[in-house]
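Remarks on the structure that follows.
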Amino acid sequence: MLLEEQSWRLKSHAIWIREGDKKTKFFHKFVSHRRNVNTIWSLDDKKGDIQRSLPGMKYVAKGFFEGVYDNPLGEDLLSQLHSLEHMPQFFTQGDNEELWKAVTKEELEKVLHSMPKDKSPGLDEWTQEFFSAYIDLVGDDLLRVIEES
């Protein structure tokens, strides 16, 4: 079963590489599907009515974000920051220091080996197998990119 799943994954990836960037029926169907999935077609307002027009959806969205950023108590920023002192802490100072440490090459290799072999961690299509095979060549550059981010 696993072998069959891997085979289909590779086949679909090969089809995308071969057909995906061409102006084919396949490409246009893919783009149309993604556009339909990622488009907001309607929003519910506070009264429970569905807004489908662009002006109606703009009004609902504006009202939502005004409510999110509105300060009903009229407190200034300084008093809001003081209230943070009473919030529970989820990280200790030691945890904070650990998070700010530089990533080591050993940690990078450990993460690379834990990733799925045939998946790309980014949009560039470079797979985990590439990074693992050429860690000596690209490892230092990859660490610099991680540190900059």
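Residue numbering for the sequence shown is 30 to 178, as defined by the numbering used here.
Where a beta carbon is used, it is the ideal one built from N, C-alpha and C, also for glycine.
Taking 8 Å as the threshold (C-beta atoms), are Q122 and L141 in contact?
Here residue 141 is taken as the residue at index 112 of the sequence shown, counted from 1. Here residue 122 is taken as the residue at index 93 of the sequence shown, counted from 1. No, these two residues do not count as a Cβ contact at 8 Å.
For the alpha helix (DSSP H) containing R64, name the first residue and the last one.
Within the sequence shown, residue 64 is the residue found at index 35, counting from 1. Residues 54 to 67.
In terms of alpha-carbon separation, which member of P145, N65, T133 lies closest to L171?
Here residue 171 refers to the residue found at position 142 when the sequence shown is read from its first residue. Residue T133 is the option with its Cα nearest to L171.
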